[in-house]
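Shown next, in structure tokens, is the structure this report addresses.
2 protein chains.
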Amino acid sequence: MSFDQILKNVSRHIRLTPEEEILFTSLLHTRHIACRDFLLRPGEVCRWENFIDRGCMRTYIIDEKGMEHIVSFSVEGWWVGDMYSFHAQAPATLYIEAMEDTIVQQIDKTAMERLYREVPVFERFFRILLQNAFVAHQNRILQNLSFTAEERYRQFMDHYPGLDQRVPQKMIASYLGITPQFLSALRKKMAGK
Amino acid sequence: MSFDQILKNVSRHIRLTPEEEILFTSLLHTRHIACRDFLLRPGEVCRWENFIDRGCMRTYIIDEKGMEHIVSFSVEGWWVGDMYSFHAQAPATLYIEAMEDTIVQQIDKTAMERLYREVPVFERFFRILLQNAFVAHQNRILQNLSFTAEERYRQFMDHYPGLDQRVPQKMIASYLGITPQFLSALRKKMAGK
DNA sequence: CGTCTATTTGAATGTACTCAAAAGCGGTGG
DNA sequence: CCACCGCTTTTGAGTACATTCAAATAGACG
Chain C
1 MSFDQILKNV SRHIRLTPEE EILFTSLLHT RHIACRDFLL RPGEVCRWEN FIDRGCMRTY
61 IIDEKGMEHI VSFSVEGWWV GDMYSFHAQA PATLYIEAME DTIVQQIDKT AMERLYREVP
121 VFERFFRILL QNAFVAHQNR ILQNLSFTAE ERYRQFMDHY PGLDQRVPQK MIASYLGITP
181 QFLSALRKKM AGK
Chain S
194 MSFDQILKNV SRHIRLTPEE EILFTSLLHT RHIACRDFLL RPGEVCRWEN FIDRGCMRTY
254 IIDEKGMEHI VSFSVEGWWV GDMYSFHAQA PATLYIEAME DTIVQQIDKT AMERLYREVP
314 VFERFFRILL QNAFVAHQNR ILQNLSFTAE ERYRQFMDHY PGLDQRVPQK MIASYLGITP
374 QFLSALRKKM AGK
């Protein structure tokens, strides 16, 4: 298993010595998740933070009316998990499901704590991840408030380049908060330009 | 100036010794902000995390079409700031404005770093704040995707009890992502039940 | 090839917006 | 103290955006 991707990801924010890299990678656990299998389901405790080395996942809830709502997609080079459940070790509310055969590198809470103790700069790394995720969510709220479905669809295409070729349209619709029928109509209209 | 409120807030997540409390409060700076004055404007660097002791603020952006969009309201007992700008010491994108005469307790980045060094458990405290804010944002995204304006209005009333009496309706509309006219119509309809 | 699910299409409906104008309300100056 | 100004809220008509329901078509997979 190669750690190139994850080490490159970490090095975007912090600098590690070779020894620290070795410690870090020794704490990781590589896992394959087949398409349509779950990394997490509501009620379970999220025991890992997960770095996606290859593949693609979606994070969603099912509301009381039985409707799915996709919070986010995650592709190669992104971290995914249920932040709240992981840190509080409380039951998750989210589904996290592979949409392709996916390889993740996982770190559990115990390993995370050891990492913080031995390589404190990782506190900074994960805080930056959290901040970025927070800001991304904030932007998404503002987008949903400001823009029509068509504008949001264009932004989705920018934000997740190529992803529209990898995931079913109805999931993109769910992410955008519109019906699959309406997305289909939008695409038809947009194509005609 | 009384530190009761802020100490009570901190004690919800971490436990401090009397000496630690003294250090913490000595790092705080109390500030009055008159109604309609700004705590932060886009382009400025957010130099403080702010705990609201009394009053009420709103955090918003103005989009390229000149429309205001309220990201959040903050009342007594809440922390407010521009997370990204504060941690990266980069220009803010948000307006933070007092909607009443407001008293905040501020801590700047230098003081924060000293606090982390001398009372490391504060790392945990602010991480929990950030996580909670993240989860709150996530829920708001899902609400905007799942619910009609009427349902979102009810949830606003639950989430910010009494705030509808303190802020103009048009700001509530901005928070909900609807026009003031439509909120007015909604209220009329809901009153008739 | 058949089955299951995803996507498209269309008509009818509902939700929310725009534009315009009237009514309400708070503050300020004469 | 009242009149006026500016801003918020309400009201209504017409329109645009997005949904629902139903059915046809197209793709994916065993």
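Top line first, the protein sequences correspond to chains C and S.
Per the working numbering, the first sequence starts with residue 1, numbered consecutively.
Per the working numbering, the second sequence starts with residue 194, numbered consecutively.
Every residue, glycine too, gets a C-beta built ideally from N, C-alpha and C.
What you are looking at is a predicted structure, and each value in this text was computed from that prediction instead of being measured.
Evaluate residue i with the Cβ neighbour count: other Cβ atoms within 10 Å of its Cβ, from every protein chain shown; 16 or more gives buried, anything less gives exposed.
i: D158 of chain C; result: exposed
i: F375 of chain S; result: exposed
i: S2 of chain C; result: exposed
i: A291 of chain S; result: buried
i: G274 of chain S; result: buried
i: H29 of chain C; result: exposed
i: L200 of chain S; result: exposed
i: E311 of chain S; result: exposed
i: T252 of chain S; result: buried
i: Q135 of chain S; result: Here chain S comprises residues numbered 194 to 386, so residue 135 of chain S is not present and cannot be evaluated.
i: I334 of chain S; result: buried
i: A384 of chain S; result: exposed
i: I365 of chain S; result: buried
i: G55 of chain C; result: buried
Does the distance from the C-beta atom of residue i to that of residue j stay below 7 Å?
i: H32 of chain C; j: S339 of chain S; result: no
i: M276 of chain S; j: Q131 of chain C; result: yes
i: D301 of chain S; j: A227 of chain S; result: no
i: E92 of chain C; j: E44 of chain C; result: Note that residue 92 of chain C is Ala in the sequence shown, not Glu. Yes. Within cutoff.
i: N9 of chain C; j: G77 of chain C; result: yes
i: E150 of chain C; j: L186 of chain C; result: yes
i: H13 of chain C; j: F125 of chain C; result: yes
i: L115 of chain C; j: L27 of chain C; result: yes
i: D53 of chain C; j: Q5 of chain C; result: yes
i: F86 of chain C; j: C46 of chain C; result: yes
i: P180 of chain C; j: K188 of chain C; result: no
i: F51 of chain C; j: W79 of chain C; result: yes
i: Y95 of chain C; j: R41 of chain C; result: yes
i: F327 of chain S; j: F134 of chain C; result: yes
Closer than 6 Å to a non-hydrogen atom of the ligand ATP - does that hold for the CB of residue i?
i: T110 of chain C; result: As far as ligands go, the structure on display features none, and thus does not contain the ligand ATP.
Looking at the strands, I want to know which residues DSSP matches up with residue i.
i: Q5 of chain C; result: In DSSP, Q5 of chain C forms no bridge with anything.
i: P361 of chain S; result: Answer is none; P361 of chain S lacks a bridge partner.
i: R251 of chain S; result: S:F266 and S:E290
i: R224 of chain S; result: S:V297
i: N50 of chain C; result: C:V80 and C:Q106
i: P284 of chain S; result: S:V238
i: L233 of chain S; result: S:I289
Any residues in the stretch 132 to 151 of chain C with a beta carbon nearer than 7 Å to a beta carbon of chain S? Which ones, in chain order?
Of all residues in the stretch 132 to 151 of chain C, only A133, F134, V135, H137, Q138, R140, I141, L142, N144, L145 and S146 come within less than 7 Å of chain S when Cβ atoms are compared, listed by chain position.
Contact set between the stretch 309 to 322 of chain S and chain C, restricted to residues whose Cβ is under 8 Å from the partner:
E316, R320 and I321
Using a beta-carbon distance cut-off of less than 7 Å, what residues from the stretch 167 to 184 of chain C approach chain S?
G177
Against chain S: residues of the stretch 70 to 85 of chain C by CB proximity under 8 Å:
V71, M83 and Y84
Determine contact between the stretch 157 to 176 of chain C and the stretch 299 to 316 of chain S, defined as no fewer than three beta-carbon pairs at a distance below 8 Å.
Touching, no, given that fewer than three Cβ pairs across the two stretches are closer than 8 Å.
With 8 Å as the limit, tell me which residues of the stretch 287 to 309 of chain S have their beta carbon closer than that to any beta carbon of chain C; keep them in chain order.
none
Name the residues in the stretch 226 to 256 of chain S whose C-beta lies less than 7 Å from a C-beta of chain C; which are they?
For the stretch 226 to 256 of chain S, the residues whose beta carbon sits under 7 Å from a beta carbon of chain C are, in order, I254 and D256.
In chain order, what residues of the stretch 200 to 216 of chain S put their CB closer than 8 Å to some CB of chain C?
Against chain C - using a Cβ distance shorter than 8 Å - the stretch 200 to 216 of chain S contributes no residues.
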